[in-house]
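Note sheet for the following structure.
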Amino acid sequence: MMSRKELAGFLRSRRESLSPEAVGLAGGSRRRTPGLRREEVAQLSGVSVTWYTWLEQARDITVSRQVLESLSRALRLTPAERSHLFALAEAPLPAEPARRMPVNPTLRALVETLDPNPAHVINQSWDLLAYNRAYADLVGGLADLPDEERNSIWLLFTRPGMRTLLVDWQREARAILGQFRAAAGKNPDDPRTTALIDALLAASPAFASMWSAHPIQAFTPATKHFNHPHVGRITLNYTKLVVAEDVTQHLVVFLPATGDDAQGLERLARLDRPVSIQG
């Protein structure tokens, strides 16, 4: 009942804040209430006046997605307001094409500030959108890669050095691929993800074998064990955070599990040559 009252109040507030001229109607000077009349919203959205009135009276009536879309257009709602409308009506929001947004400068600066702790930002295809020096030194050889190969899943399955860098590569690969497949399933028509999967199927028998098993796994913070060729064993705890302004982006951060691991990251930071573990 509370959500119905919220929905009624939200619709009324948006109706009253929208001028007739903004939707192509004559204003006039004899209006007793601000904004649009209920019958005008009903007309613009293709519903009956009675039915729309019931909505603003918080009646317990069913609202279809099609009607919500019509109301959203009639009331000139912003994307955020449209999402709020669907939430108040307890209706699933229709899927939208994924947006390709750049990493915002503040987030990029945060990634750099986290050094010497490895950190990076990925999108829904797990492309590396931003990363700090510590992550580049941990993984090695990122600077010379073309954009389409600067991708966490591509590196995991096509770079031989990853099999020795990760102490238990098989377990890690299955877990990460399960998370990637769960993410890919939310946007099955995304062209970048589709192209990446096709390229991996052609390039990596290990990927093809694991992919055919349809692994699915939810993300949970975990501990990863690395055997770095220059600084030895490092154990890192990692977590992933959603970027609020673009939920297809995630910030991934690795933190040392112990003081010895923190010293290992410091040794990695002091290396005086570019790190390469491609082979």
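Start counting the sequence shown at 1; every next residue gets the next number (full-length UniProt numbering).
Glycine is no exception: its CB is placed at the ideal position from the N, C-alpha and C atoms.
What number of angstroms, rounded off, separates the C-alpha of residue i from the C-alpha of residue j?
| i | j | result |
| --- | --- | --- |
| R59 | W51 | 9 Å |
| L85 | H250 | 26 Å |
| N132 | V103 | 13 Å |
| E266 | A183 | 33 Å |
| S204 | A175 | 17 Å |
| P105 | R82 | 28 Å |
| T194 | P34 | 50 Å |
| I216 | M210 | 11 Å |
| R233 | H225 | 7 Å |
| L200 | E148 | 11 Å |
| S45 | L11 | 13 Å |
| residue 292 | L156 | Any question about residue 292 goes unanswered here, given that the chain covers just 1 to 279. |
| D198 | G259 | 42 Å |
| P118 | L36 | 54 Å |
| T53 | V47 | 10 Å |
| A202 | G185 | 20 Å |
| P20 | R38 | 12 Å |
| A91 | S3 | 12 Å |
| V242 | A87 | 20 Å |
| D168 | E245 | 35 Å |
For residue i, count the other beta carbons within 10 Å of its own beta carbon; 16 or more makes it buried, fewer makes it exposed. Which is it?
| i | result |
| --- | --- |
| R76 | exposed |
| H228 | buried |
| P79 | exposed |
| Q170 | exposed |
| V247 | exposed |
| I61 | exposed |
| G264 | buried |
| G140 | buried |
| R15 | buried |
| Q66 | exposed |
| L7 | buried |
| Q124 | buried |
| A89 | buried |
| H230 | exposed |
| H214 | exposed |
| A42 | buried |
To which residues does DSSP link residue i through a beta bridge?
| i | result |
| --- | --- |
| H228 | G232 |
| H120 | Y131 and V252 |
| P242 | It is worth fixing the name first, because residue 242 is Val in this sequence and not Pro. Per DSSP, H250. |
| I223 | The sequence shown places Thr at residue 223, not Ile. BP columns for T223 point to N237. |
| L166 | F226 |
Is the CB of residue i under 8 Å away from at least one CB in chain D?
| i | result |
| --- | --- |
| A183 | Of the chains in the structure shown, none is chain D; there is only one protein chain. |
Skipping 5 residues on each side, what residues in its chain have a beta carbon closer than 7 Å to that of residue i?
| i | result |
| --- | --- |
| L25 | E40 |
| R262 | Sequence check: residue 262 is Ala here, not Arg. Around A262: P256. |
| F219 | Q179 and K240 |
| S72 | R82 and L85 |
In terms of residues, what are the limits of the alpha helix (DSSP H) holding residue i?
| i | result |
| --- | --- |
| F180 | W169 to A184 |
| H84 | P79 to L88 |
| A203 | P191 to A203 |
| S45 | R38 to S45 |
| Q66 | R65 to A74 |
| E112 | P105 to T113 |
| R59 | Counting along the chain, R59 falls outside any alpha helix (DSSP H), and DSSP gives it neither H nor E. |
| T158 | S152 to T158 |
| A269 | G259 to A269 |
Going by beta carbon distance, what residues of the same chain come within less than 6 Å of residue i, once the five residues before and after it are set aside?
| i | result |
| --- | --- |
| I153 | W126 and F180 |
| N151 | W126 and D127 |
| N237 | T223, L255 and A257 |
| S269 | Correcting the residue identity first, residue 269 is Ala in this sequence and not Ser. So the qualifying residues of the chain are P116. |
Quick one: residues in its chain with C-beta nearer than 8 Å to the C-beta of residue i, no 5 flanking neighbours on either side, listed in chain order?
| i | result |
| --- | --- |
| G279 | Below a pLDDT of 50, predicted positions are generally treated as unreliable, and G279, at 45, falls in that range; the measurement from the model is reported next regardless. Closer than 8 Å at Cβ, skipping near neighbours: P160 and G161. |
| I122 | L128, L129, S152, Q249, H250 and V252 |
| A206 | F157 and A173 |
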